[in-house]
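K.L.:
If you read the protein sequences in the order shown, they are chains A and B. Read in our numbering, the first sequence has 24 at position 24, and its numbers run on one by one without any break. Throughout, our numbering is defined as the position within the second sequence, counted from one, plus 348.
2 protein chains.
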Amino acid sequence: MTNNNIKIAILGFGNVGRAFAKLLIEKEKEIFEEFNLNIRVVAISTKSKGCLVNENGIDLTGVLNDLEVLNHFDKNKSDYKDISSMEVAENVDYDILFELTPLKIFSGQPAIDHIAAALKRKKHAVSANKGPIAWAFEYLRDLAGKNKVLFYYETTVMDGTPVFNLVDETLKFCKVTKIIGILNSTTNFILEEIANGKLYDEVIEEGKKRGFVEEDPSMDIEGWDAAAKTAALLNVLMGANITPNDVDRKGIEDITYEQIKEAEKRDNVIKLICYGGIENGKVIAKVQPEEIHKNSLLSNIKGTTSIVSITTDLMGTVSVVEHEPEIEQTAYGVFSDLIRVLSNMQRI
Amino acid sequence: MTNNNIKIAILGFGNVGRAFAKLLIEKEKEIFEEFNLNIRVVAISTKSKGCLVNENGIDLTGVLNDLEVLNHFDKNKSDYKDISSMEVAENVDYDILFELTPLKIFSGQPAIDHIAAALKRKKHAVSANKGPIAWAFEYLRDLAGKNKVLFYYETTVMDGTPVFNLVDETLKFCKVTKIIGILNSTTNFILEEIANGKLYDEVIEEGKKRGFVEEDPSMDIEGWDAAAKTAALLNVLMGANITPNDVDRKGIEDITYEQIKEAEKRDNVIKLICYGGIENGKVIAKVQPEEIHKNSLLSNIKGTTSIVSITTDLMGTVSVVEHEPEIEQTAYGVFSDLIRVLSNMQRI
Chain A
1 MTNNNIKIAI LGFGNVGRAF AKLLIEKEKE IFEEFNLNIR VVAISTKSKG
51 CLVNENGIDL TGVLNDLEVL NHFDKNKSDY KDISSMEVAE NVDYDILFEL
101 TPLKIFSGQP AIDHIAAALK RKKHAVSANK GPIAWAFEYL RDLAGKNKVL
151 FYYETTVMDG TPVFNLVDET LKFCKVTKII GILNSTTNFI LEEIANGKLY
201 DEVIEEGKKR GFVEEDPSMD IEGWDAAAKT AALLNVLMGA NITPNDVDRK
251 GIEDITYEQI KEAEKRDNVI KLICYGGIEN GKVIAKVQPE EIHKNSLLSN
301 IKGTTSIVSI TTDLMGTVSV VEHEPEIEQT AYGVFSDLIR VLSNMQRI
Chain B
349 MTNNNIKIAI LGFGNVGRAF AKLLIEKEKE IFEEFNLNIR VVAISTKSKG
399 CLVNENGIDL TGVLNDLEVL NHFDKNKSDY KDISSMEVAE NVDYDILFEL
449 TPLKIFSGQP AIDHIAAALK RKKHAVSANK GPIAWAFEYL RDLAGKNKVL
499 FYYETTVMDG TPVFNLVDET LKFCKVTKII GILNSTTNFI LEEIANGKLY
549 DEVIEEGKKR GFVEEDPSMD IEGWDAAAKT AALLNVLMGA NITPNDVDRK
599 GIEDITYEQI KEAEKRDNVI KLICYGGIEN GKVIAKVQPE EIHKNSLLSN
649 IKGTTSIVSI TTDLMGTVSV VEHEPEIEQT AYGVFSDLIR VLSNMQRI
């Protein structure tokens with residue numbers, strides 16, 4: 001940090017990164033008024049659009065425009081550099097690293113290494129990538145602690161809806177004892193559409209068109225995405241120190257129209273439920289399709305809406321619901337982590 | 349504050365005050381470890397149990413025991429004083445005032461005067477009484493600002509569930525544009541029981557026995573309690589500067605079994621809905637019974653469970669649900685405001 005400038009490096013610049021950049025442009029003045037700080041984006045690295053580095057600050061408006069027009073960063077500009085995300089993390093002069101690269105669900109890499117590189121250099125880090133929190137949370141948390149820097153990851157479970165901040169900032173002195181959630185919108189959507197009488201393949205195609213079913217939907221359908229979110233929640237909120245492999249996981253691939261209709265006769269709906277609790281002093285993690293009674297709050301979590309219910313010793317159960325988020329809400333989550341770094345960096 | 353002691357004065361010592369006192373005893377060591385501060389309760393005033401003052405700290409365990417045994421403070425102890433809550437607010441040497449006296453729903457008094465007295469003396473204040481927030485929020489907020497002290501009131505809408513803290517601490521830079529809630533459990537319970545075929549009077553009697561219908565239930569049934577909560581929410585989160593009189597209010601007194609059954613035919617349930625929004629640049633506040641579709645999240649808010657849905661410019665809509673709170677959850681809300689004062693008092 002020099003001359004009231006905070007230098008940030010962004011790894012990955014897909015939809016979330018771009019929406020975050022727009023928010024930085026929009027809120028530049030408000031951030032300065034609040035913190036007396038200017039945010040300078042000094043690096044943006046991508047796998048397929050090129051890489052930009054400028055220690056005086058990249059022109060974000062220009063870059064967003066280039067991407068619209070060229071679908072690539074402008075190779076003719078002096079900011080354009082031929083370096084990798086890891087090189088940015090290790091060598092560029094920044095204050096906060098933003099890890100927004102695509103998730104590798106079975107390893108969390110190379111995002112874990114990117115963040116570790118930043119923390120080792122005593123730089124703050126923000127991750128919108130759930131891999132590092134699901135696979136290596138304790139390692140990274142301890143690395144941040146040792147180097148006296150901040151490490152935040154609000155978006156990894158419910159986009160910008162406060163989950164980790166909720167517990168950290170508003171449920172102080174509470175001990176989390178149980179977590180229940182519906183956290184995967186793809187499976188939520190598929191189960192609803194099958195209940196409506198549509199066929200699996202038909203539903204998958206429609207979901208792809210509407211943008212919330214991945215090209216390869218198996219990670220969602222088999223419960224891996226939900227397991228990664230469950231591991232992230234339990235690692236952070238219950239000190240579980242687990243990976244997605246430790247989650248007792250069952251996907252929705254075997255759920256049939258007939259099963260859903262049978263459940264309906266019992267006034268139930270089938271939802272893919274994430275669960276964490278303590279049994280015999282040990283944290284138990286589960287992801288599986290379950291019958292939920294129509295009178296329950298969880299039964300009315302539809303489509304892309306998600307919920308997490310957090311039970312604590314002092315505050316009983318509090319649920320938080322995110323309603324039909326768009327990409328702007330994920331960008332807000334990244335932005336809120338930036339604001340949290342700016343608020344807390346003087347205090348550690 | 350002297351010698352690492354924080355002196356607190358508690359006005360009102362009903363169920364919430366006693367549960368708060370138990371929490372102070374239970375968390376004494378943790379608070380010291382976190383803040384290096386000892387909490388000393390230097391005054392407890394009540395209308396019917398007497399008043400205690402001891403600048404070295406009242407023995408809370410002893411007081412709770414006396415109340416169990418005598419149903420009154422012990423008049424033979426040296427702490428026992430014959431002074432009023434207002435005298436405590438104005439004259440006792442404390443750092444934080446806790447306003448826990450019973451609500452006067454049509455004026456917010458004398459709680460407003462208690463809090464104003466503390467703030468004018470440059471003492472921090474915490475209110476679990478919604479009257480001051482519904483009737484005089486701007487006055488008290490400005491008084492706190494002018495005197496550079498803190499003023500918190502988390503419990504006034506949803507007990508210990510974060511609502512004001514949620515927006516303040518986890519939705520920074522967001523502008524609240526709309527609020528919808530189910531915030532009165534008495535009416536929620538009555539509507540459900542009438543739907544089950546019970547008669548009004550029968551339901552009221554049962555609710556009184558179960559402890560969540562007041563001796564005079566008219567304030568709940570006519571929507572005044574919901575209107576006070578709506579005014580509090582809109583004053584704090586939307587800068588509305590209104591009183592409960594400004595809320596377009598309709599209670600549930602005219603809702604019949606037949607209306608509920610008609611609604612059910614349309615797959616709807618009737619709930620008393622609190623609403624705040626902006627129309628033509630002006631904040632609009634409403635409390636009224638509304639038909640809610642059974643697919644909606646709000647329809648499954650049953651009994652003493654409550655919900656508030658907050659819509660913002662940057663984060664879309666986030667809902668927070670409190671599940672079947674007990675008195676301990678209200679006490680936690682008061683406790684969380686204490687923790688917030690301890691966290692922030694050095695920074696203002």
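Note that the Cβ used here is the ideal one computed from N, Cα and C, for glycine as well.
1. Mind checking if P458/B is an interface residue toward chain A, Cβ cutoff 8 Å exclusive?
2. So that I know if they touch, is there some Cβ in chain B lying closer than 8 Å to that of H323/A?
3. By the 9 Å beta-carbon criterion, what residues does the stretch 574-600 of chain B contribute toward chain A?
4. First and last residue of the alpha helix (DSSP H) that includes Q677/B?
5. For a cutoff of 8 Å on Cβ pairs, would you count N692/B as touching chain A?
6. Taking 8 Å as the CB-CB cut-off, is N300/A touching chain B?
7. Assuming V668/B and V320/A form a contact by the criterion Cβ under 8 Å, report the distance between their Cβ atoms to the nearest whole angstrom.
8. Looking only at DSSP bridge pairs, what is F446/B linked to?
9. Please list the residues of the stretch 138-170 of chain A that have a C-beta atom closer than 8 Å to any C-beta atom in chain B, keeping them in chain order.
10. Quick one: is I182/A near chain B, going by C-beta distance under 8 Å?
11. Are the beta-carbon atoms belonging to M158/A and V341/A less than 8 Å from one another?
12. Using 10 angstroms around the beta-carbon of S85/A, count the other beta-carbons present and answer buried if the total reaches 16, otherwise exposed.
13. Could you check which residue in E290/A, T155/A, N71/A and R121/A has the C-alpha nearest to that of G223/A?
14. For the candidate residues K49/A, E87/A and G57/A, whose alpha-carbon lies nearest to that of R40/A?
15. Is the separation between the beta-carbon of K619/B and that of N544/B shorter than 8 Å?
16. Taking C-beta pairs closer than 8 Å, name the residues in chain B that L199/A reaches, listed in chain order.
17. Using 8 Å as the limit for Cβ to Cβ distance, is G303/A near chain B?
18. Using 8 Å for Cβ pairs, my map puts L140/A next to F151/A. What's the rounded Cβ distance?
19. Would you grab the beta carbon distance between A231/A and V247/A for me? Rounded to a whole angstrom, and I think it's under 8 Å.
20. Within 10 Å of its beta-carbon, does P325/A have 16 or more other beta-carbons around it, so buried, or fewer, so exposed?
21. Assuming contact is defined by CB atoms lying nearer than 8 Å, are T504/B and K478/B in contact in what I supplied?
22. 8 Å is my cut-off, CB to CB: does Y332/A come that close to chain C?
23. Could you give the first and the last residue of the continuous beta strand (DSSP E) run that contains A633/B?
24. Does the beta-carbon distance from L97/A to A9/A come in below 8 Å?
25. In terms of alpha-carbon separation, which member of I354/B, V631/B, D685/B and T534/B lies closest to G599/B?
26. State the Cα-Cα distance for the pair E99/A and R121/A, rounded to the nearest angstrom.
27. Looking only at its own chain, which residues have a Cβ that is under 6 Å from the Cβ of S299/A, when we skip the five neighbours before and after it?
28. The ligand MN and D82/A: does any heavy atom of the ligand fall closer than 7 Å to the residue's C-beta?
29. Counting only C-beta atoms, is Q636/B closer than 8 Å to chain A at any point?
30. With 8 Å as the threshold, decide whether the Cβ of K29/A is near any Cβ in chain B.
31. Starting from the Cα of N241/A, find the closest Cα among E328/A, D142/A, D337/A and T311/A and give me that residue.
32. Compare the C-beta of T665/B against all C-beta atoms of chain A and say whether one is closer than 8 Å.
33. Figure out for me which residue from E382/B, V474/B, S455/B and L372/B has the closest Cα to the Cα of W483/B.
34. So L11/A and A89/A are supposed to be a Cβ contact under 8 Å. How far apart are they, rounded?
35. N544/B versus chain A: which residues are under 7 Å apart at the beta carbon?
36. Quick one: what does DSSP say Y152/A is sitting in, helix, strand or coil?
P.N.:
Reading from the atomic positions:
1. no
2. yes
3. none
4. Run containing Q677/B: I675 to N692, per the alpha helix (DSSP H) assignment.
5. Closer than 8 Å: no.
6. Closer than 8 Å to some Cβ of chain B, the Cβ of N300/A qualifies, so yes.
7. 5 Å
8. I358/B and V474/B
9. G160, T161, P162, N165, L166, E169 and T170
10. Contacts with chain B at 8 Å (Cβ-Cβ) do not include I182/A.
11. no
12. When all chains shown are included, S85/A counts as buried.
13. E290/A
14. G57/A
15. no
16. Those within 8 Å of L199/A in chain B number zero; the least Cβ separation is about 23 Å.
17. no
18. So it is a contact: roughly 6 Å between Cβ atoms.
19. 6 Å
20. That one is buried.
21. yes
22. This model lacks chain C altogether; the protein chains it does include are A and B.
23. K630 to H641
24. Contact annotation: L97/A and A9/A have beta-carbon atoms nearer than 8 Å.
25. T534/B
26. Computed Cα separation, rounded: 15 Å.
27. V269 and I292
28. Annotation note on the ligand MN: not contained in the displayed structure, which lists no ligands.
29. no
30. no
31. D142/A
32. yes
33. S455/B
34. With 8 Å as the limit, L11/A and A89/A qualify as a contact, their Cβ atoms being about 7 Å apart.
35. Chain A residues near N544/B: none, gap ~13 Å exceeds 7 Å.
36. strand
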